[in-house]
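Engineer:
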Amino acid sequence: MRIVGRKNFMLSCIFFILVMLVLGKSIKILNINNSINMTAVPIDSTIDKQAASSKYTPLKKYYIVIDPGHGGIDKGTSYGNMYEKDLTLKIARYAAAYLKGKGNVVFLTRNEDKLLGLDEIGDKVNSSYADAFVSIHVNSLNDNNFNGITTLYYDVNGYQKDERIKLARAIESEAVKNDNWANKGIKRQNLAVLRYSKVPGVLVECGFITNAQDRIRLSNENVLKRLGENISNGIIYYLNENYKK
Ligand SMILES: [Zn+2]
Numbered sequence: 001m002r003i004v005g006r007k008n009f010m011l012s013c014i015f016f017i018l019v020m021l022v023l024g025k026s027i028k029i030l031n032i033n034n035s036i037n038m039t040a041v042p043i044d045s046t047i048d049k050q051a052a053s054s055k056y057t058p059l060k061k062y063y064i065v066i067d068p069g070h071g072g073i074d075k076g077t078s079y080g081n082m083y084e085k086d087l088t089l090k091i092a093r094y095a096a097a098y099l100k101g102k103g104n105v106v107f108l109t110r111n112e113d114k115l116l117g118l119d120e121i122g123d124k125v126n127s128s129y130a131d132a133f134v135s136i137h138v139n140s141l142n143d144n145n146f147n148g149i150t151t152l153y154y155d156v157n158g159y160q161k162d163e164r165i166k167l168a169r170a171i172e173s174e175a176v177k178n179d180n181w182a183n184k185g186i187k188r189q190n191l192a193v194l195r196y197s198k199v200p201g202v203l204v205e206c207g208f209i210t211n212a213q214d215r216i217r218l219s220n221e222n223v224l225k226r227l228g229e230n231i232s233n234g235i236i237y238y239l240n241e242n243y244k245k
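One point on numbering: in full-length UniProt numbering, the residue at position 85 of the sequence shown is 85, and numbering is uninterrupted.
1. Can you say whether Y238 is buried or exposed, counting buried as having 16 or more other CB atoms within 10 angstroms of its CB?
2. Following the continuous beta strand (DSSP E) through N183, name the residue where it begins and the one where it ends.
3. Which one or two residues does DSSP pair with Y196 in a beta bridge?
4. Go ahead and label S135 buried or exposed: buried means 16 or more other beta carbons lie within 10 angstroms of its beta carbon, across all protein chains shown.
5. Just to confirm, is the Cβ distance from F107 to N147 under 7 angstroms?
6. Answer yes if the segment 190–210 comes into contact with the segment 121–131, meaning at least three C-beta pairs across the two stretches below 8 angstroms, and no otherwise.
7. Any heavy atom of ligand 1 closer than 6 angstroms to the Cβ of G76?
8. Among residues of its own chain, excluding the 5 on either side of T210, which ones have a beta-carbon nearer than 6 angstroms to its beta-carbon?
9. Looking at the structure shown, is A130 part of a helix, part of a strand, or coil, going by DSSP?
10. Count the other CB atoms, across all protein chains shown, that sit within 10 Å of the CB of N157; report buried if there are 16 or more and exposed otherwise.
11. Regarding G69 and ligand 1, is the C-beta to nearest heavy atom distance less than 6 angstroms?
12. Is it a yes or a no for the segment 97–107 touching the segment 173–183, going by three-plus beta-carbon pairs under 8 angstroms?
13. With DSSP run on the structure shown, which of helix, strand or coil describes N233?
14. Where does S127 land, buried or exposed, given buried means 16+ other C-beta within 10 angstroms?
15. With a threshold of 8 angstroms, are at least 3 pairs of Cβ atoms found where one atom belongs to the segment 76–83 and the other to the segment 215–226?
16. Relative to the C-alpha of K177, which candidate in K166, V193 and G234 has its C-alpha closest?
17. Just to check my reading of the structure: G201 and Y94 have Cβ atoms closer than 8 angstroms, yes? What is that Cβ distance to the nearest angstrom?
18. Relative to the C-alpha of residue 282, which residue among C206, L115, L59 and N240 is closest?
19. Looking at D155: is its Cβ nearer than 7 angstroms to the Cβ of R164?
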């Protein structure tokens, strides 16, 4: 009796595993179909695992500040019911989770829907004594042909100029790695949030909400996640290069 009982139990287990495997596969197939239906632009979900395990592994524990642009009554730019303040918070949270997962310490200037003054952001950044600071934004323009990602930096009278340019370059080249984002390069722009920062800092304009193709990308949660992670890889790459010196 005991042997028969055990046999039945084993058979039930095998049956259960088979059912789970079949269900798992069909859920995956459903997910793939959903993402194809949702998006008109090619979305690249390949992950370079080998590169991820070496080049983007922090050489030490870094301290990083991420600033999700806008918040509260300041919605930033918008298109329909799509608000910049929500997109920046999502991208920033994905970046923070990824960076923390790699053993770094991450401060978000806001982790809720509230407005911070520019001086408040500046104080948070400067009192953190972080290794790097990245402000996340989304662009817009009347001409809806404009698309792509731009990384902005600013140096007051050459202060940390080389470092800021290197950080901007590293982030820009990583940010566009997936999902066919257009690389619009880096630009020097006098922005308060960058001017106040004593920490090497940049501002990433994550596509144009006014461009139809960029908007498709920005409405895809997986794209936002990859963007947050790629921006993070740019930060780690820059900090590792700096650390090696
Ligand atoms: Zn903005």
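C-beta: ideal position from N, C-alpha, C; glycine also.
Every value quoted in this text rests on a predicted model; they were computed, and no experiment measured them.
Structural biologist: Reading from the atomic positions:
1. In the sequence shown, the residue the question calls residue 238 occupies position 238. Burial call: buried.
2. Start at 1 with the first residue of the sequence shown, and residue 183 comes out as number 183. From DSSP, the beta strand (DSSP E) with N183 extends over N183 to R188.
3. By one-based count along the sequence shown, residue 196 stands at place 196. None; Y196 has no bridge partner.
4. Locating residue 135 in the sequence shown gives position 135, where the first residue counts as 1. With 16 or more other Cβ atoms within 10 Å, it is buried.
5. By one-based count along the sequence shown, residue 107 stands at place 107. By one-based count along the sequence shown, residue 147 stands at place 147. Result no, Cβ atoms of F107 and N147 do not sit closer than 7 angstroms.
6. Contact between the segment 121–131 and the segment 190–210 is present, because at least three Cβ pairs lie under 8 angstroms.
7. The residue labelled residue 76 in the question sits at position 76 within the sequence shown. Yes.
8. In the sequence shown, the residue the question calls residue 210 occupies position 210. In its chain, beyond the 5 residues on either side, S140, L141 and N144 have a beta carbon closer than 6 angstroms to the beta carbon of T210.
9. Position 130 of the sequence shown holds residue 130. Residue state, collapsed to three classes: coil.
10. Translated into positions along the sequence shown, residue 157 becomes position 157. Exposed, by the Cβ-count rule.
11. Walking along the sequence shown from the start, residue 69 turns up at place 69. Yes, the beta carbon of G69 sits closer than 6 angstroms to at least one heavy atom of ligand 1.
12. no
13. Counting from one through the sequence shown, the residue named residue 233 turns up at place 233. DSSP places N233 in helix when its eight states are reduced to three.
14. Counting from one through the sequence shown, the residue named residue 127 turns up at place 127. Exposed: under 16 other Cβ atoms inside 10 Å.
15. yes
16. Looking up residue 177 in the sequence shown gives position 177. The shortest CA-to-CA distance from K177 to any of K166, V193 and G234 is the one to G234.
17. Residue numbering aside, residue 201 sits at position 201 when the sequence shown is read from its first letter. Residue numbering aside, residue 94 sits at position 94 when the sequence shown is read from its first letter. Their Cβ separation, rounded to whole angstroms, is 19 angstroms, which puts G201 and Y94 out of contact at 8 angstroms.
18. Beyond the ends of the chain as shown, which are 1 and 245, falls residue 282; an answer cannot be given.
19. For the purposes of this step, residue 155 is taken as the residue at position 155 of the sequence shown. For the purposes of this step, residue 164 is taken as the residue at position 164 of the sequence shown. Taking 7 angstroms as the Cβ cut-off, D155 and R164 qualify as a contacting pair.
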